[in-house]
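In the numbering used here, the protein residues as written are 930 to 1026.
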């Protein structure tokens, strides 16, 4: 998920989501649609103008081939190159930290 203002990118926030609540409750099955983007509201409240929100829909700590971290890293590198921010801030907790 991207949140970009129509201005130059001074600071880019990259927010990594943690595991879903359903993942921790063994009686509830999880699916790719259960994985949510975190920190969207916080970034909006703080006036962040450029942010990328990253989640692993497979809830596998980015270890499976389809959501592997090498693939995610390539995608993030392309976004960073296109935005050319002066500063990058990353945030995440649990699986996203």
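We put the beta carbon where it would ideally sit given N, CA and C, even for glycine.
Taking DSSP as the reference, what is the three-state secondary structure of residue i?
i, result
"residue 966", "coil"
"residue 993", "coil"
"residue 944", "strand"
"residue 976", "coil"
"residue 1007", "helix"
"residue 987", "coil"
"residue 952", "Since pLDDT at residue 952 reaches only 48, below the 50 mark, its modelled position is unreliable, and no value is offered."
"residue 930", "coil"
Give the single residue among the options whose Cα lies nearest to the Cα of residue i.
i, options, result
"residue 935", "980, 990, 1003", "980"
"residue 1014", "977, 969, 986, 948", "977"
"residue 974", "1021, 1019, 932", "932"
"residue 987", "948, 1008, 1004", "948"
"residue 944", "937, 1004, 982", "982"
Take residue i and list the residues in its own chain whose beta-carbon comes closer than 6 Å to its own, dropping the five residues that flank it on each side.
i, result
"residue 1017", "941"
Could you pull out every residue in the same chain whose Cβ sits closer than 8 Å to the Cβ of residue i, ignoring the five residues on either side in sequence?
i, result
"residue 998", "991, 992"
"residue 1009", "941, 1017"
Excluding the 5 residues preceding and the 5 following residue i in the sequence, name in chain order all residues of the same chain whose CB lies nearer than 7 Å to its CB.
i, result
"residue 968", "944, 982, 1020"
"residue 1022", "947"
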